[in-house]
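A short write-up of the structure that comes next.
Protein chains: 2
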Amino acid sequence: MTEHHNTTYGNGKGEGQPVGIALLGLGTVGAEVFRLLNEYNADFTQRVGGPVEVRGVAVSDASKAREGIAPELLTEDAHALIQREDVDVVVEVIGGIDYPRELVLAALRAGKSVVTANKALVAAHADELAKAADEAGVDLYFEAAVAAAIPVVGMLRRSLAGDKIQRISGIVNGTTNFILDAMETTGASYEDALAEATRLGYAEADPTADVEGHDAASKAAILASLGFHTRVTFDDVHCEGISAITAEDIQAANQAGYSIKLLAICERLTGEDGKESVNARVHPTLVPKEHPLASVSKSFNAIFVEAEAAGSLMFYGNGAGGNPTASAVLGDVVGASRNKVHGGRAPEENTYANLPVADFGQTQTRYHIDMQVKDRTGVLAVISSVFAEQGVSLRTVRQEEGKDGARLIVVTHAATESVLDGIVRALEGLDDVHAVNSVIRLS
Amino acid sequence: MTEHHNTTYGNGKGEGQPVGIALLGLGTVGAEVFRLLNEYNADFTQRVGGPVEVRGVAVSDASKAREGIAPELLTEDAHALIQREDVDVVVEVIGGIDYPRELVLAALRAGKSVVTANKALVAAHADELAKAADEAGVDLYFEAAVAAAIPVVGMLRRSLAGDKIQRISGIVNGTTNFILDAMETTGASYEDALAEATRLGYAEADPTADVEGHDAASKAAILASLGFHTRVTFDDVHCEGISAITAEDIQAANQAGYSIKLLAICERLTGEDGKESVNARVHPTLVPKEHPLASVSKSFNAIFVEAEAAGSLMFYGNGAGGNPTASAVLGDVVGASRNKVHGGRAPEENTYANLPVADFGQTQTRYHIDMQVKDRTGVLAVISSVFAEQGVSLRTVRQEEGKDGARLIVVTHAATESVLDGIVRALEGLDDVHAVNSVIRLS
């Protein structure tokens with residue numbers, strides 16, 4: 001604030017007034033948020049326009065001592081903390097869906113702005129939360145819900161608000177990227193790479209939410225909603241994980257010039273009637289080696305945005321972890337706190353476009369199909385005709401000797417998922433085809 | 001806006017009220033801004049909360065017909081257009097400094113929010129402009145001033161507001177990146193690569209502002225100011241361009257595993273007394289091939305940000321051109337217009353940290369020094385002792401036969417610019433050294 005700052009805006013508390021924070025949750029992210037709220041406090045006072053003060057921290061066991069936190073700040077009664085008159089901004093970093101939903105709704109309805117890092121909550125209940133925030137005239141921020149410190153939420157909400165986004169594709173789950181990257185660089189099997197990721201702390205004891213793509217699907221729903229100004233929820237997202245990817249798939253992709261990445265893809269589609277729809281999906285994807293997403297290694301995240309006027313943009317960084325997530329949470333805390341002091345609100349979520357979510361069967365993409373076939377003259381003609389009958393042409397065909405007959409790898413031109421489904425069923429019905437080993441989409 | 005949106009904030013015009021735009025300038029960017037304001041108009045109405053209407057376009061010759069623009073919108077009297085009561089937001093895309101400064105100040109003082117793409121203006125006069133915006137309680141947006149469509153200004157202003165930034169390094173000038181990339185990939189001389197850039201429209205007829213680094217220096221000043229919450233102006237930025245870079249420099253860098261990039265580097269420094277200062281500089285820099293900035297090719301821009309909690313982030317995209325710049329301008333127009341409807345202001349520039357700009361001589365970096373030396377036994381000992389006497393140790397030494405004696409390339413460990421200056425002067429005074437061909441800093 002400069003000394004010339006002499007106006008307040010609307011319903012702000014006014015320059016110099018303190019902003020009270022309720023912190024819900026004290027896990028890895030919560031502890032970092034608390035620590036940095038102290039460490040950067042003098043800066044936050046300047047950036048917000050008034051001191052930012054933690055009123056209390058809701059935990060499940062308030063009797064447990066926590067280093068660096070005064071015991072009187074701890075409480076097990078999150079609801080009472082939220083309702084305190086001197087609380088202005090509620091930070092939710094508990095995780096889960098039902099309990100945080102209840103708390104976040106209570107906070108919004110009590111006129112508190114909310115900052116949450118909870119992707120599952122936002123992806124499942126965004127409409128309800130946005131409505132509550134809107135009715136109360138308060139802010140709902142969730143930068144940390146997608147790709148932690150990479151500020152893609154703010155970018156879509158604000159910076160790209162003057163453009164028309166066509167496509168968002170991103171590596172938004174660090175665990176699966178770590179596993180796929182390890183498989184590619186070491187030749188390891190999925191099981192071995194997962195074990196290594198678990199050992200190093202990149203994968204949780206129960207890795208299902210990560211490896212089956214559920215975590216990425218929540219993020220895809222949020223990205224699609226913001227990017228296309230419409231509502232896409234977790235249930236709208238077609239989701240396939242990486243647990244079926246084999247070392248052979250990685251190797252075949254590499255030979256063809258691709259890396260396999262688990263991508264969250266959000267597309268704006270225009271039908272033959274000119275009507276727009278959207279799709280959002282998560283699945284393993286062949287990305288050409290020369291594409292910027294292919295070189296995103298280890299547990300890093302990156303989001304690639306294609307907009308009409310801006311062209312292609314990419315944002316890269318740490319997509320998980322206590323510190324990067326806390327950075328995103330605190331950026332939101334500063335924004336929400338500033339609005340409490342000066343008045344004004346962040347741009348609310350705006351789903352005016354109200355676009356239908358296209359049936360997944362209508363999604364068009366290209367496919368990399370790996371088959372075990374009989375090693376006899378004429379087999380290629382038989383297989384090709386299956387594709388030709390469905391009007392799908394082949395881009396590349398590679399045949400090599402396998403242990404049991406021949407291995408045939410084809411890459412198709414674009415086809416819809418439903419057509420492809422029919423082709424795979426037809427292939428599996430052929431005497432000449434022992435097995436369809438894998439079908440992986442191209443980006 | 002959803003139907004539940006039932007509050008306005010403070011001094012907003014109110015939901016559904018139109019926002020009047022004055023467009024100053026109709027060059028490449030201005031024409032795109034005008035076109036897209038029409039094309040996206042229905043979307044903007046929804047995103048802003050009221051219709052966005054162009055009241056007039058200030059041009060130097062209003063009698064000239066412009067395709068797609070009603071003649072009655074054109075005016076040569078920018079001041080009268082700005083002062084119109086039905087103008088809320090002024091978009092300045094004229095370029096230059098003095099005349100736009102006069103117009104932007106007039107607009108702010110008249111209570112209009114301003115969106116500008118003018119890096120030179122912001123880098124030279126940010127304090128004066130921020131003060132005028134603050135006193136009038138209006139917004140001053142300039143996302144397009146740095147790296148066009150890459151939303152780095154918004155990111156520093158908002159998303160990273162909860163973090164402490166340590167370093168920003170970026171490729172923020174497309175012309176010079178195109179030239180250096182062409183030199184690296186084709187082996188061309190600087191002159192030939194510049195000629196090619198000019199032919200393809202990447203370089204202007206007078207390329208001085210780009211190739212001498214002035215354009216990048218303006219952007220460095222803006223990035224440092226936002227990132228460190230202090231004021232850094234164009235004059236504070238140490239600036240060296242690329243016109244002295246030779247094909248031999250590029251080749252030597254490549255052999256050592258580096259690409260040469262023109263970087264804008266902004267650093268937070270902590271002195272031995274614990275006091276902080278900042279520096280901002282633009283110069284050709286050796287970037288290790290494995291660093292994400294090394295692979296930024298053609299005229300693309302990328303900004304690499306290192307923050308305490310977030311870690312490393314990179315933002316990549318089109319850093320110039322009518323469309324990408326218009327995208328950034330329009331994102332700002334939506335933001336400023338939304339605030340006019342709903343009340344509230346964007347976070348103003350906040351230079352509270354008030355950090356001194358460190359003397360350039362105190363900058364610490366590593367150096368790649370390319371010399372022509374006598375080809376005689378003992379020359380390396382003589383040269384090494386010059387470095388040793390100044391307490392600078394050598395990281396790598398490479399000697400090869402040259403046409404006139406030997407060529408010696410050393411890479412030093414970190415040293416200050418003033419120490420390095422002394423070393424270079426001492427080397428140039430040695431009988432054994434024919435010439436110091438080049439001194440290039442490492443990133």
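Each protein sequence line maps, in turn, to chains A and B.
Residue numbering for the first sequence follows the UniProt record's numbering, beginning at 1 and increasing consecutively.
Residue numbering for the second sequence follows the UniProt record's numbering, beginning at 1 and increasing consecutively.
Heads up, the beta-carbon is just placed ideally off N, CA and C, and yes, glycines get one too.
If you're wondering where the values come from, they're calculated on a predicted model, not measured in any experiment.
Beta-carbon to beta-carbon, B/G322 and B/N301 are separated by about 15 Å, too far to satisfy the 8 Å threshold. If you look at A/L408, you'll find it in the beta strand (DSSP E) that goes A406 to T412.
The Cβ atoms of B/V419 and B/T396 do not sit closer than 8 Å to each other.
The C-alpha of A/G30 is placed about 59 Å away from the C-alpha of B/D61.
It is roughly 28 Å from the alpha-carbon of B/L262 to the alpha-carbon of B/P100. According to the DSSP assignment, A/Y316 belongs to the beta strand (DSSP E) that extends over G311 to N318. At least one CB atom of chain B sits nearer than 8 Å to the CB of A/I150. B/G68 sits in coil when the DSSP states are folded into three classes, being neither helix nor strand.
DSSP, reduced to helix, strand and coil, places B/H291 outside both helices and strands of the structure shown, so it counts as coil. Within the stretch 69-99 of chain A, contact with chain B at the beta-carbon level (separation under 8 Å) is assigned to no residue.
With respect to A/G56, A/L73 sits close: the two C-beta atoms are nearer than 8 Å.
Taken in chain order, the members of the stretch 335-348 of chain B whose beta-carbon sits within less than 8 Å of a beta-carbon on chain A are G335, R338, N339, H342, G343, G344, R345, P347 and E348. Counting the other CB atoms within 10 Å of its CB gives A/G162 a total of 16 or more, which places it among the buried residues.
When Cβ-Cβ separations below 8 Å define contact, A/Q46 makes contact with chain B.
Ranked by Cα distance from A/V33, the first of B/A252, B/E308, B/I250 and B/A435 is B/E308. Flagged as an interface residue toward chain A: B/V333, by a C-beta distance shorter than 8 Å. In summary, the residues of the stretch 24-44 of chain A whose CB is separated from some CB of chain B by less than 8 Å are E32, L36, Y40, D43 and F44, in the order they occur in the chain.
Within the stretch 16-86 of chain A, complete beta strand (DSSP E) segments of at least 3 residues are found at 19-24 and 52-58, given in chain order.
With a 10 Å radius around the Cβ and a threshold of 16 neighbouring Cβ atoms, B/R376 comes out exposed. With respect to the 8 Å criterion, B/Q46 and A/N350 are classified as neighbours on the basis of their beta carbons. By the Cβ neighbour-count rule, B/L330 is buried, with 16 or more other Cβ atoms within 10 Å of its own. In this chain, B/G174 is not harboured by any beta strand (DSSP E); it is covered by the alpha helix (DSSP H) spanning G174 to T186. DSSP, reduced to helix, strand and coil, places B/N301 within a strand of the structure shown. Per DSSP, the beta bridge partners of A/G170 are A/A264 and A/I303. By the criterion of a C-beta distance shorter than 7 Å, A/A336 is surrounded in its chain by V89, S113, V115, D139 and Y141, once the five residues flanking it on both sides are discounted.
Not a single CB atom of chain B sits nearer than 8 Å to the CB of A/P207. Taking the CA atoms as reference points, B/G201 sits about 37 Å from B/Q364.
The criterion of a C-beta distance shorter than 8 Å is satisfied by B/V153 and B/L226. Closest by C-alpha distance to B/A256, out of B/H79, B/E85 and B/Q399, is B/Q399. Residue range V433 to L442 is occupied by the beta strand (DSSP E) that includes A/N437. Taking 8 Å as the upper bound for CB-CB distance, B/D210 and B/T246 are not in contact here, some 18 Å apart. In the structure shown, B/A353 falls within a coil segment according to DSSP collapsed to helix, strand and coil. The CB of B/E267 never comes closer than 8 Å to any CB in chain A; the least such distance is about 18 Å. B/A147 carries a coil assignment under DSSP once its states are collapsed to helix, strand and coil.
When secondary structure is reduced to three states using DSSP, B/R281 falls in the strand class. Sixteen is the threshold: when 16 or more other Cβ atoms of the shown chains lie within 10 Å of the Cβ of B/R338, as they do, the residue is buried.
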